[in-house]
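Participant: Quick note: the sequence shown uses this note's numbering, first residue 17, plus one each step. We treat Cβ as the ideally placed atom computed from N, Cα and C, and that holds for glycine.
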Amino acid sequence: MTPTPPNPADQCNNLALRKAARYLGATYDKALAAVGLRATQFSILQQLSAHGAMTITSLADTIAMDRTTMASNLKPLAREGLVTVEPSPTDRRARIAAITPDGLARLKEALPLWKDVQSRFEENFGAEDAARLREALTAVLDTGFTPWAE
Numbered sequence: 017m018t019p020t021p022p023n024p025a026d027q028c029n030n031l032a033l034r035k036a037a038r039y040l041g042a043t044y045d046k047a048l049a050a051v052g053l054r055a056t057q058f059s060i061l062q063q064l065s066a067h068g069a070m071t072i073t074s075l076a077d078t079i080a081m082d083r084t085t086m087a088s089n090l091k092p093l094a095r096e097g098l099v100t101v102e103p104s105p106t107d108r109r110a111r112i113a114a115i116t117p118d119g120l121a122r123l124k125e126a127l128p129l130w131k132d133v134q135s136r137f138e139e140n141f142g143a144e145d146a147a148r149l150r151e152a153l154t155a156v157l158d159t160g161f162t163p164w165a166e
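1) Alpha carbon to alpha carbon, how far is threonine 154 from threonine 162? Give it in angstroms, no decimals.
2) Could you check where the beta strand (DSSP E) with proline 163 kicks off and where it finishes?
3) Evaluate contact between the region 55 to 63 and the region 117 to 133, counting only Cβ atoms and requiring at least three cross-stretch pairs below 8 angstroms.
4) Would you mind sorting alanine 113 into buried or exposed? The rule is 16 or more other CB atoms within 10 Å of its CB.
5) Of the residues Gly68, Ala50, Val101, Ala80, which one's Cα is nearest the Cα of proline 128?
6) Go to proline 128, then tell me how far its alpha helix (DSSP H) extends in each direction, as first and last residue.
7) Opposite methionine 70 in the DSSP bridges: which residues?
8) What separation, rounded to the nearest whole angstrom, lies between the Cα atoms of glycine 41 and valine 99?
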């Protein structure tokens, strides 16, 4: 019997990463839906809460997202009054995103839901393995690719 050649899809780093991201992302989305947020929106609010007002470009960089996608993600948050997006007073071409008091309140409401998913993942996957996974995924960002460079 001839051995079956390996399936290239089983060797694809991108596919493996996206499958895991969709799986875990959907889990966080499901939990955060109770407060009307998606996981990406929660991450944006977390970043703005932790770092204060920042340009859309800087915010996109902290989340490893292109600027256009970040601007699209900010629109529903701005419509709900959870963030503001205003022209920069020092550079009219730049726009500054900031979390509002309502955004902080929503983030505070969402935090226990996020913590619950975080804890359950670490319990099922292993806290040390989860820490190593975060380290490995962070290292991916230092592989030299420039996906959003123009």
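Facilitator: The short version:
1) 15 angstroms
2) Segment: none, proline 163 is in no beta strand (DSSP E) and carries neither H nor E.
3) yes
4) buried
5) Ala50
6) 117 to 141
7) Ala113
8) 22 angstroms
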